[in-house]
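Contents: one structure, followed by commentary.
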Amino acid sequence: MKTIGCATLVLVFVLQSSAAGTAQTPTLPQPAVAVLTFFDGINRGDAAAAADAFAENGVFIGAAAQGLCSLQAPCFGRDKIREDMEVLFKSPHLCETVTAIQVNGTIVTGRVEARNDNLRASGVEHVALAFMAQVLENKIAVDLHRSDLADSETAKNSAILAGKQPKGTPITVLPPCRTYAPGS
């Protein structure tokens with residue numbers, strides 16, 4: 018198993034400056050590139066780019082128990098993933114930061130911290146998600162995300178949503194959005 022470190026930071030720069038043609042192509046395992054391309058599309062609010070990281074018949078299951086691309090209603094196919102991403106992007110200041118990523122063959126696992134204005138309004142700084150994706154022919158075939166309830170902020174959000182805990186003091190600071198921040 019390889020842990021992707023500083024070289025992935027180069028990928029973020031490449032993704033942000035590729036239009037200018039000023040960066041070299043990083044040497045990263047392709048499965049990691051496909052997954053980080055998905056998160057980069059999310060963070061840029063580009064549903065087409067996020068969905069394009071998937072195979073034509075790709076499957077995406079987000080962390081929610083129900084709703085868009087959920088365990089109850091998975092998204093099958095790139096077009097459905099794009100449609101649901103467009104709805105997801107209506108969440109103000111959505112940012113999903115990969116804090117850890119590992120590659121083992123075609124399988125990519127890792128951790129993401131998701132932030133948005135709705136969470137901050139409830140006094141929740143982030144929710145932590147674990148993901149596992151399989152990348153075939155440079156495209157995501159299957160991507161599964163699950164909430165990490167061992168993370169205190171994620172557990173607090175879950176309790177608020179279940180009505181077991183009141184909302185906290187709203188967070189008014191908007192941190193910078195980064196696609197990859199190892200060890201955060």
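The opening position of the sequence shown corresponds to residue 18 in my numbering, with each subsequent residue numbered one higher.
Note that CB positions come from ideal geometry on N, CA and C, so glycine has one too.
- Sixteen is the threshold: since fewer than 16 other Cβ atoms of the shown chains lie within 10 Å of the Cβ of Pro109, the residue is exposed.
- With a cutoff of 8 Å on beta-carbon distance, Thr196 and Val115 are scored as near each other.
- Within a 10 Å sphere around the beta-carbon of Ala70 sit 16 or more other beta-carbons, which makes this residue buried.
- Note that the C-beta distance between His143 and Arg128 is not below 8 Å.
- Sequence-distant Cβ neighbours of Ala82 in its own chain, meaning closer than 8 Å and more than five residues away, are Leu88 and Gln89.
- Counting along the chain, no beta strand (DSSP E) covers Arg137; the unbroken alpha helix (DSSP H) around it starts and ends at Asp134 to Ala138.
- Look at Ile59 here: in three-state DSSP terms it is helix.
- By the criterion of at least three beta-carbon pairs nearer than 8 Å, the segment 182 to 200 is not in contact with the segment 150 to 160.
- In the DSSP annotation of this structure, the continuous segment of the beta strand (DSSP E) that includes Thr116 starts and ends at Cys112 to Asn121.
- Here Gly84 is exposed: its Cβ has fewer than 16 other Cβ atoms, across all protein chains shown, within 10 Å.
- Check the Cα spacing between Asn174 and each of Arg137, Asp160 and Asn155: the tightest is with Arg137.
- The DSSP-derived three-state label of Arg163 is strand.
- Looking at the DSSP output, Gln182 bridges to nothing.
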